[in-house]
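Single-structure report; data block below.
2 protein chains.
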Amino acid sequence: MQTTDDAVHMKSEGTREEAHLPTIGILGCGQLGRMMAFSALRMGMHVKILTPEASGPEAIFSDVTVGDWKDPEVLREFARECDAITVESEWAPAERLAQVLPDGVDILPYPRTLQLIRHKGRQKKALLKAGLPLPPFARCRSLEEANATAAEFGYPLVLKKYEGSYDGYGNATCDDPLALSDAWNHLSADDGALLEAWVPFVEELAVLVARGTDGDAVVYPVVYSEQADHRCHAVVAPANLPESVAIEAQRISLAAVEAVAGVGITAVELFRLADGRVLINELAPRPHNTGHYTIEACHTSQFENHVRAVMGWPLGLPGLRVPAACMVNVLGFHDGEPHYDAFRPALEFADATIHMYGKNKVRPRRKMGHVTVTADDAETARMHAEAAAAQIHV
Amino acid sequence: MQTTDDAVHMKSEGTREEAHLPTIGILGCGQLGRMMAFSALRMGMHVKILTPEASGPEAIFSDVTVGDWKDPEVLREFARECDAITVESEWAPAERLAQVLPDGVDILPYPRTLQLIRHKGRQKKALLKAGLPLPPFARCRSLEEANATAAEFGYPLVLKKYEGSYDGYGNATCDDPLALSDAWNHLSADDGALLEAWVPFVEELAVLVARGTDGDAVVYPVVYSEQADHRCHAVVAPANLPESVAIEAQRISLAAVEAVAGVGITAVELFRLADGRVLINELAPRPHNTGHYTIEACHTSQFENHVRAVMGWPLGLPGLRVPAACMVNVLGFHDGEPHYDAFRPALEFADATIHMYGKNKVRPRRKMGHVTVTADDAETARMHAEAAAAQIHV
């Protein structure tokens, strides 16, 4: 028979030295997992990482498993001793992990939220059902349905894969029926594809929402998100908007995150139209490129609030602690090994904070790092961040 | 015969995957080494740590050696593949390491600067020689000399060990000859001890200087440093001072760091007197508790500028990016294992940024973490940081 004392004794000997630290498990470790880990570690937490390949960003941490994250045994071992678990992205195998979780340990955001957001058709349907403003869309099961919708919406149109479209991949802007037919052949799946009316937006905005399982939420400032070639290039905070537009953007973002039961950070990408209306483009159920500026610019970074929400802790203040900030992405130029000392010329821009992700392979236009500048005004922040980022040829 | 191709081939196979990252070696890993590492990692660098014991803060990093850091073989292995090496504190065995460094690799700050600053008598002498304002002091070789000096200075006096005094250890305030005699017996070494006149200061200030081997330097804002029981309790930035006093404090701090050829961060602790004069108390040749506020509050943190200087890179802007900030230390309460989830109540103070160092043992008054709040004014920052820190009973 095992006495209570024995049980206590076994626990204190049988677990790692840091067992008294709150432990967060992170499934996946590109730049998002890496920056989540930095936030958790800064608070004195223990971080356990499971990632399917050694891509570099994870290599600096001590408790990392590189393994088959679809294998139930690997997942079970990973989940052991975690107080809570999160995912780096909606593509991590959250559903599989949920099946082997120990009692009392949650995976957050909820796997059902990740599934919903991953499928652009179901995501749109959920947002529409919640009464939120969206560009006109149709879930088409066949090319015939797509052509019928095209006749209704008019060209140009955007056809999107239901699953797996991001950063310009899996999307096609179609100017005529021939282009639509071609895009359909490339992008449609068994359940069809998503067809959207092209929206004549003035600019793209983004709002981050951090939300706990108890429904408590904080909403970050509205930022301006500038795309270049279908990819986030720069983010300026705060967006220079009439107060009524900013508040409306925050209102619909919070409502959208509630509609999908988002927990942790959910990023809401928005279109602002010339008539002042704001429409929801899409959601990401995790820290997001449009929120990297929060590390330097906000009282609580998106990564810390993600960790807080996942751990069931009170959320931190989302507001800016500086007048303005700008983040510019650093993208790869070539194929091969990155040259990390290539960021040295950027250090001459003395107000720039440089983040490099430690990826061990570079590809053209791959996100390799970013630069953030805070300043008294958005124009200065933008100018300096662009200048510094342009110096980095990693 | 080995061809060039072979040599290249061997290099790419024989070294770790991240060999193309700039590598910094850090000797020692309490909270200062840990926060240096965070800064270097954020820039995409590789960090190699050597520490004499597994005390907790180092446990989160992947490339850590726990070993006898006085062993030349251990030091030689540590230095291998480092592009530059620094120390967490003036007590790390920099001189021993210097003897086994590979060609072209520096240890910074210079071992001779560390030696000079470590010995309070030699430190004072160097600063006096540079014409810098100091409290009256004497380097006493015997109790007789100490008594003669006491007769000259008048009581109270402060007797300090030449080496090993910090945070109230190794210092004694003496009100009479009996106390002086007693303190002498406890604190004097073969070469005597340091006797200082007691200075009726109004407040303590601190200034950080970051300086490269080329002499380029940047000077941080003057901060107010509040001690409690001989230990840093709170730091408020910026100190509320007449501009002329602030500039004088920065001037003498920069001159002091030049006088000791400081490289990396050197912290200068200062006394402000009622008559407006500023005197140098002492120097620390490394990131310092009075500079933790820079992580959230300045364009470039003290840890990043230390890394930049050690690597020979351009220095970052030291100025505040916020109107005001306050840092409050989190000290241990008991002896034993820390309860890290004890920081949870502090999270209710939504504008507080909490840093816990991951130490695996707590002792009464040991530095276990700190809290920083930035705000529009110093009073608000101070009030919120005190309130949050007071909630943490680790």
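For the protein sequence lines, the chains are A and B, in the order given. The first sequence lines up with residues 1390 to 1783 when you count with my numbering. The second sequence lines up with residues 1390 to 1783 when you count with my numbering. Beta carbons: idealized from backbone N, C-alpha and C, even for Gly.
As assigned by DSSP and simplified to three states, the class of residue i
i               : result
S1614 (chain B) : strand
E1593 (chain B) : strand
N1749 (chain B) : coil
M1432 (chain B) : coil
R1530 (chain A) : coil
H1695 (chain B) : helix
V1634 (chain B) : helix
Y1609 (chain B) : coil
G1701 (chain A) : coil
G1601 (chain A) : coil
N1784 (chain A) : Residue 1784 (chain A) lies beyond the range of chain A shown here (1390 to 1783); nothing can be said about it.
G1725 (chain B) : strand
F1738 (chain A) : coil
I1496 (chain B) : strand
A1714 (chain B) : strand
I1449 (chain A) : coil
L1503 (chain B) : helix
V1719 (chain B) : strand
L1643 (chain A) : helix
V1783 (chain B) : coil
Start-to-end residues for the beta strand (DSSP E) that takes in residue i
i               : result
P1622 (chain A) : Per the sequence shown, the amino acid found at residue 1622 (chain A) is His instead of Pro. Here the beta strand (DSSP E) through H1622 (chain A) covers 1620 to 1626.
H1759 (chain A) : 1756 to 1764
M1671 (chain B) : Looking at the sequence shown, residue 1671 (chain B) is not Met but Glu. From DSSP, the beta strand (DSSP E) with E1671 (chain B) extends over 1667 to 1673.
E1585 (chain A) : 1582 to 1586
I1413 (chain B) : 1412 to 1416
A1654 (chain B) : Inspection of the sequence shows that residue 1654 (chain B) is occupied by Ile rather than by Ala. Looking at the DSSP string, the run of the beta strand (DSSP E) that includes I1654 (chain B) is 1653 to 1662.
K1550 (chain B) : Run containing K1550 (chain B): none; DSSP gives neither H nor E here.
V1476 (chain A) : 1473 to 1476
Proximal chain A residues relative to residue i, where beta-carbon distance stays under 8 Å
i               : result
V1711 (chain B) : R1710, V1711
F1427 (chain B) : F1427, L1430, R1431
Enclosing alpha helix (DSSP H) for residue i [first to last residue]
i               : result
L1464 (chain B) : 1461 to 1468
E1775 (chain B) : 1767 to 1779
L1486 (chain B) : 1483 to 1487
T1683 (chain A) : 1683 to 1686
N1574 (chain B) : 1566 to 1576
L1516 (chain B) : 1509 to 1518
Chain-ordered neighbours of residue i on chain B, where CB pairs are closer than 9 Å
i               : result
V1436 (chain A) : I1449
F1692 (chain A) : Correct list: empty, because the minimum Cβ distance to chain B is about 12 Å.
D1740 (chain A) : H1688, T1689, G1705, L1706, G1708, R1710
Y1746 (chain A) : G1433
Contact list for residue i against chain A, beta-carbon separation under 9 Å
i               : result
H1723 (chain B) : Simply none; closest approach about 14 Å.
Euclidean distance between Cα positions of residue i and residue j
i               : j               : result
A1730 (chain B) : A1739 (chain B) : The question names Ala, yet the displayed sequence has Asp at residue 1730 (chain B). Approximately 17 Å, taken between the alpha carbons.
A1770 (chain B) : R1600 (chain B) : 29 Å
S1577 (chain B) : Y1551 (chain B) : 8 Å
W1587 (chain B) : L1659 (chain B) : 14 Å
A1778 (chain A) : H1759 (chain A) : 7 Å
L1546 (chain B) : A1527 (chain B) : 11 Å
A1617 (chain A) : E1593 (chain A) : 12 Å
P1703 (chain B) : D1565 (chain A) : 54 Å
V1762 (chain B) : E1775 (chain B) : 9 Å
V1397 (chain A) : E1726 (chain B) : With a pLDDT of only 33 at V1397 (chain A), under the threshold of 50, the placement of this residue in the model should not be trusted; the figure read from the coordinates follows. So the alpha carbons of these two residues sit roughly 15 Å apart.
M1425 (chain B) : T1655 (chain B) : 14 Å
A1606 (chain A) : R1640 (chain A) : 12 Å
M1701 (chain A) : I1743 (chain B) : Going by the sequence as given, residue 1701 (chain A) is Gly instead of Met. Rounded to the nearest angstrom, the two C-alpha atoms are 16 Å apart.
Q1420 (chain A) : I1781 (chain B) : 31 Å
Closer than 7 Å at the beta carbon, the chain A residues around residue i
i               : result
I1743 (chain B) : M1432
R1640 (chain B) : Here the premise fails: no neighbours, minimum Cβ distance about 21 Å.
F1467 (chain B) : Those within 7 Å of F1467 (chain B) in chain A number zero; the least Cβ separation is about 17 Å.
T1440 (chain B) : Within chain A, no residue comes near T1440 (chain B); the closest Cβ sits about 13 Å away, beyond 7 Å.
D1730 (chain B) : P1411
Chain-ordered chain B contacts of residue i [CB-CB under 7 Å]
i               : result
E1737 (chain A) : P1703
R1697 (chain A) : L1736
Does the stretch 1435 to 1446 of chain B come close enough to the stretch 1700 to 1718 of chain B to have 3 or more Cβ pairs within less than 8 Å? no
Could you tell me whether the stretch 1646 to 1654 of chain A touches the stretch 1579 to 1593 of chain A, using the rule of 3 or more Cβ pairs below 8 Å? no
Does the pairing of the stretch 1453 to 1466 of chain B with the stretch 1462 to 1481 of chain A give three or more beta-carbon distances under 8 Å? A contact is defined here as three or more CB-CB pairs under 8 Å, and the stretch 1453 to 1466 of chain B fails this definition with respect to the stretch 1462 to 1481 of chain A.
Report yes or no: do the stretch 1715 to 1726 of chain B and the stretch 1741 to 1755 of chain B share at least 3 C-beta pairs separated by less than 8 Å? yes
At a cut of 8 Å, does the stretch 1531 to 1541 of chain B reach the stretch 1681 to 1700 of chain B through at least three beta carbon pairs? no
Contact between the stretch 1496 to 1513 of chain A and the stretch 1667 to 1676 of chain A is defined here as three or more beta-carbon pairs at a separation below 8 Å; is this criterion met? The stretch 1496 to 1513 of chain A makes contact with the stretch 1667 to 1676 of chain A: 3 or more CB pairs, one atom from each, lie closer than 8 Å.
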